[in-house]
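Undergrad:
Numbering (our numbering), first residue to last: 50 to 805.
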């Protein structure tokens, strides 16, 4: 949305006598400590006086002026000062705008790109104010009830407004404005009274400059045309083609209660009641003049009106939408032979039409008469008049200000006693037993037990980069709750390949404390716990080759001890050359699935993968459960979840550099720790065997290399650091990983198997 459109929306917030000369969007308040949301700053002038308005918007950009509420006003007088810090040349740089007005000081953070026009206008206004010799009252600000006079007769920003940092319904100024409006509507009888008007309107296209005045006066000033209700009568007369050209018009205006030419407000929409009258020049063109005249001679006005252009357009809401017109019972007012009551006999032979019309819009308007004046025949038009009975609500400004002040005081007292209040149904959440890759969900409920809207958010603890641990998801982590409403928070616990190694090694546990921060309220601490069931998934290769029993039979204390000494627990006396869990999965695929279509491409069922996990952890003697695809996926998950990748992180850069040379790749593999080398070569030999059945299973060396390359050479935790060190993209790194593995899928490496 352009700045000009926003400016026009802000303009509608102000009275018609006030003009928004400059606007500054997206100004962040730094001082005082208001809600951390952007404001609009507007410079508004009334005559020779100007003031800075700070406005809050319930949405950005604002859709209508009702989205805006005024928070504070600073009159630009001799006490007003403006300072700008750090004004660089960069158009996108940040500036600091300091505004001082008597006892008030505000600081805003603004963007250079938005500031130039506003700052220039601000300094110009200050210069004009300092040079002015006239007294500055700023009485026009009083209606906003933001600025008042203290005992020293000095203007200052009301404490009512400044207090909004604490009592604007938790930072929602528009809600406060809504409450004020409701209170003011309920108290309308204290400051609004109804006045009854009789309104007479008349229009006449005279078409000439002579011999019309007496006739008009007879039509307009005839007291019989008034409905005598109340003491006020308003007259509106429109004499087309004459009123701006004849000196007598001013006399006529005087005699018809126009003491001076009428100056309407900025726009017609500012009126509560609107009356349109004049020669609107709509015709009847779809019927020939003879037919129209014949129907009128028969007094069949209704049939002719069916073809009236204005009636049709008005019905379709093409013109005068929302306006009303009385029932037409009089003959067309155009076109006559001047000086007669005869229809047009000229060469043009115009069809009679109702050119002269009166429309109105507004509440509490009753039309009492709508007629023409056929006896006046000096023109080719006949005059048309309408009489209305109107009741208009009028605001007593003094009473309004008094009621408004009382409402503000009452509201401030109530709101100052209110702070956000919430109730949490539980502050200790126990997930019970949690298994690898098995999602657990718990729900807690936050209820707004106060009288104001509550904004909450789970926030980071001191020196932590996230508000919760990696195995926990909180949805939603921030929200607003209206009074009397509740919000259910889902806490999802999932131990995956990243967090499982930390659980098995004891470097992490299922325990966390969440900080529920209630804005302008108290923090609430939520304890989250769970009991992780150890698994071969997430266990290091060094520990797995030394376990001659299922991992379920190993105590957590023993497992943590083994993981802490894993580099020392591998020896010639190790139980297995490769982990038995890897062997079970590979052997099952070798015996039953080498010809399975889409092997390693089609995912398995999650439920079956969990059954396979339990089968491996318990050392069951039953057949491996699940399909070949689920077994293949379990194998990939097991390899991806080990504490360290098959090829250690410290050798990855060397592998990438050597990826184009098979002999160098072989040398690197020979440098691997024995059991990692065994697993690497064992799996490569298995994949070579699977490629022998590519016509059945659809495998090819390149796709397998890409898949297992990402597992054997797992991404370094900080991949950005890897890219910086190698100065190559992740896509290139992935290609090099695949190329490294590709050598061992297409070449004979039997000389390396189990060699020492």
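Even glycine gets a Cβ: it sits at the ideal position worked out from N, Cα and C.
Run through the DSSP bridge pairs and tell me what residue 507 is partnered with.
TA: As a first step, residue 507 is located in the chain shown; it is residue number 458 there, counting from the start. Answer is 565.
Undergrad: Under the three-state reduction of DSSP, which class applies to residue 62: helix, strand or coil?
TA: The residue you call residue 62 lines up with position 13 of the chain shown. If DSSP states are grouped into helix, strand and coil, residue 62 belongs with coil.
Undergrad: If you draw a straight line from the alpha carbon of residue 786 to that of residue 670, how long is it in whole angstroms?
TA: To locate residue 786, count along the chain shown from 1; it is residue 737. To locate residue 670, count along the chain shown from 1; it is residue 621. If I take the Cα positions, the gap works out to 37 Å.
Undergrad: Restricting to runs no shorter than 4 residues, where is the alpha helix (DSSP H) found entirely within the stretch 599-671?
TA: As far as the stretch 599-671 is concerned, its whole alpha helix (DSSP H) runs of at least 4 residues are 605-613, 629-641 and 655-667.
Undergrad: Taking DSSP's pairing of strands, which residues face residue 591 in a bridge?
TA: Along the chain shown, one-based indexing puts residue 591 at 542. Residue 591 pairs with nothing; no bridge assigned.
Undergrad: Residue 372 and residue 402: beta carbons closer than 8 Å?
TA: Taking the chain shown and counting its residues from 1, one reaches residue 372 at position 323. Taking the chain shown and counting its residues from 1, one reaches residue 402 at position 353. Contact flag unset, no.
Undergrad: Please confirm if the stretch 404-417 is in contact with the stretch 225-232, defined as three or more CB-CB distances below 8 Å between the two stretches.
TA: Segments in contact, no.
Undergrad: Could you name the residues that DSSP lists as bridge partners for residue 103?
TA: Numbered from its first residue, the chain shown carries residue 103 at position 54. Answer is 90 and 121.
Undergrad: For residue 449 and residue 92, I'd like the C-alpha separation in whole angstroms.
TA: Translated into positions along the chain shown, residue 449 becomes position 400. Translated into positions along the chain shown, residue 92 becomes position 43. Those two C-alpha atoms are separated by around 26 Å.
Undergrad: Looking at residue 742: is its Cβ nearer than 8 Å to the Cβ of residue 643?
TA: In the chain shown, counting from the first residue as 1, residue 742 sits at position 693. In the chain shown, counting from the first residue as 1, residue 643 sits at position 594. Result yes, Cβ atoms of residue 742 and residue 643 sit closer than 8 Å.
Undergrad: Quick check on this structure: which residue in 73, 445, 679 and 398 has the alpha carbon closest to the alpha carbon of residue 638?
TA: Along the chain shown, one-based indexing puts residue 638 at 589. Nearest C-alpha to residue 638: 679.
Undergrad: Using only the alpha-carbon positions, how far apart do residue 184 and residue 364 sit?
TA: For the purposes of this step, residue 184 is identified with residue 135 of the chain shown, where counting begins at 1. For the purposes of this step, residue 364 is identified with residue 315 of the chain shown, where counting begins at 1. One C-alpha to the other measures close to 55 Å.
Undergrad: Rounding to the nearest angstrom, what Cα-Cα distance links residue 74 and residue 96 in this structure?
TA: As a position in the chain shown, residue 74 is number 25, starting the count at 1. As a position in the chain shown, residue 96 is number 47, starting the count at 1. Straight-line Cα distance between these residues: approximately 24 Å.
Undergrad: How far does the beta strand (DSSP E) with residue 372 in it reach, from first residue to last?
TA: In the chain shown, counting from the first residue as 1, residue 372 sits at position 323. Note, residue 372: premise wrong, no beta strand (DSSP E); not H, not E.
Undergrad: May I have the straight-line CA-CA distance separating residue 206 from residue 131, to the nearest angstrom?
TA: Locating residue 206 in the chain shown gives position 157, where the first residue counts as 1. Locating residue 131 in the chain shown gives position 82, where the first residue counts as 1. Only weak support is given to the placement of residue 206: the predicted model assigns it a pLDDT of 35, under 50, and the question is left unresolved by the model.
Undergrad: Once you ignore the five residues that flank residue 186 on each side, which residues in its own chain have a CB closer than 6 Å to its CB?
TA: Position 137 of the chain shown, counting from 1, holds the residue named residue 186. Cβ neighbours of residue 186 beyond the five flanking positions: none.
Undergrad: Work out the CA separation of residue 51 and residue 58 for me, nearest whole Å.
TA: As a first step, residue 58 must be located in the chain shown, where it is residue number 9. As a first step, residue 51 must be located in the chain shown, where it is residue number 2. Each residue's alpha carbon lies about 11 Å from the other.
Undergrad: Mind checking residue 653: buried by the 16 CB within 10 Å criterion, or exposed?
TA: For this step, residue 653 is matched to residue 604 along the chain shown. Result: buried.
Undergrad: Could you spell out the range, first to last residue, of the alpha helix (DSSP H) harbouring residue 346?
TA: Locating residue 346 in the chain shown gives position 297, counting from the first residue. Its alpha helix (DSSP H) spans residues 338-346.
Undergrad: With DSSP as the reference, label residue 160 as helix, strand or coil.
TA: Taking the chain shown and counting its residues from 1, the one referred to as residue 160 is at position 111. Of the three classes helix, strand and coil, the one that applies to residue 160 here is strand, per DSSP.
Undergrad: Residues in the same chain with beta-carbon distance under 7 Å from residue 485, minus the five sequence neighbours each way, listed in chain order, please.
TA: In the chain shown, the residue the question calls residue 485 occupies position 436. Result list for residue 485: 544, 549, 584, 586, 587 and 662, in chain order.
Undergrad: Whose CA, out of 733, 695 and 735, lies closest to the CA of residue 765?
TA: Counting from one through the chain shown, the residue named residue 765 turns up at place 716. Ranking 733, 695 and 735 by Cα distance to residue 765 puts 695 first.
Undergrad: Give the DSSP-derived three-state secondary structure of residue 214 in the structure shown.
TA: If you number the chain shown from 1, residue 214 lands on position 165. Note that residue 214 scores a pLDDT of 33, beneath 50, so its modelled location is shaky and nothing firm can be said.
Undergrad: From the DSSP output, which residues share a beta bridge with residue 537?
TA: The sequence position of residue 537 within the chain shown is 488, counting from 1. Paired residue(s): 494.
Undergrad: Three or more C-beta pairs closer than 8 Å, one from the stretch 595-604 and one from the stretch 496-515: is that the case here?
TA: No, they do not touch.
Undergrad: For a quick check, are the C-beta atoms of residue 416 and residue 437 less than 8 Å apart?
TA: Translated into positions along the chain shown, residue 416 becomes position 367. Translated into positions along the chain shown, residue 437 becomes position 388. Yes.
Undergrad: When you compare each of 728, 672, 646 and 174 to residue 100 by their alpha carbons, which one comes out closest?
TA: Residue mapping note: residue 100 aligns to position 51 of the chain shown, counting from 1. For the residues 728, 672, 646 and 174, the minimum Cα distance to residue 100 belongs to 174.
Undergrad: What does the Cβ neighbour count give for residue 758, buried or exposed, with the cut at 16 atoms within 10 Å?
TA: Counting from one through the chain shown, the residue named residue 758 turns up at place 709. When all chains shown are included, residue 758 counts as buried.
Undergrad: Going by DSSP in three states, residue 266 sits in which element: helix, strand or coil?
TA: Position 217 of the chain shown, counted from the first residue, corresponds to residue 266. Unreliable placement is indicated for residue 266, whose pLDDT of 32 sits below 50; the coordinate value is still reported in the next sentence. If DSSP states are grouped into helix, strand and coil, residue 266 belongs with the helices.
Undergrad: Could you give the DSSP three-state label for residue 361: helix, strand or coil?
TA: Here residue 361 corresponds to residue number 312 of the chain shown, with the count starting at 1. Three-state result, residue 361: helix.
Undergrad: Taking the C-alpha atoms as reference points, what is the distance between residue 720 and residue 736?
TA: Position 671 of the chain shown, counting from 1, holds the residue named residue 720. Position 687 of the chain shown, counting from 1, holds the residue named residue 736. Cα to Cα, residue 720 sits roughly 22 Å from residue 736.
Undergrad: My guess is that residue 255 and residue 122 are in contact by the Cβ rule of under 8 Å, so how many angstroms apart are they, rounded?
TA: As a working mapping, residue 255 is identified with position 206 in the chain shown. As a working mapping, residue 122 is identified with position 73 in the chain shown. Between residue 122 and residue 255 the Cβ distance is about 51 Å, and since that is not below 8 Å, they are no contact.
Undergrad: In or out: residue 876 buried (at least 16 other Cβ within 10 Å) or exposed?
TA: Here the chain covers residues 50 to 805 and nothing more, so residue 876 does not appear.
Undergrad: With C-beta atoms as the reference, is residue 362 less than 8 Å away from residue 368?
TA: Taking the chain shown and counting its residues from 1, one reaches residue 362 at position 313. Taking the chain shown and counting its residues from 1, one reaches residue 368 at position 319. Cβ distance < 8 Å, so residue 362 and residue 368 count as in contact.
Undergrad: Could you check whether residue 798 and residue 730 sit closer than 8 Å to each other, using their CB atoms as the reference points?
TA: Counted from its first residue, the chain shown places residue 730 at position 681. Counted from its first residue, the chain shown places residue 798 at position 749. Closer than 8 Å, so yes.
Undergrad: Out of 103, 343, 474 and 660, point me to the one whose CA is closest to residue 193's CA.
TA: Residue numbering aside, residue 193 sits at position 144 when the chain shown is read from its first letter. Closest option to residue 193, Cα to Cα, is 103.
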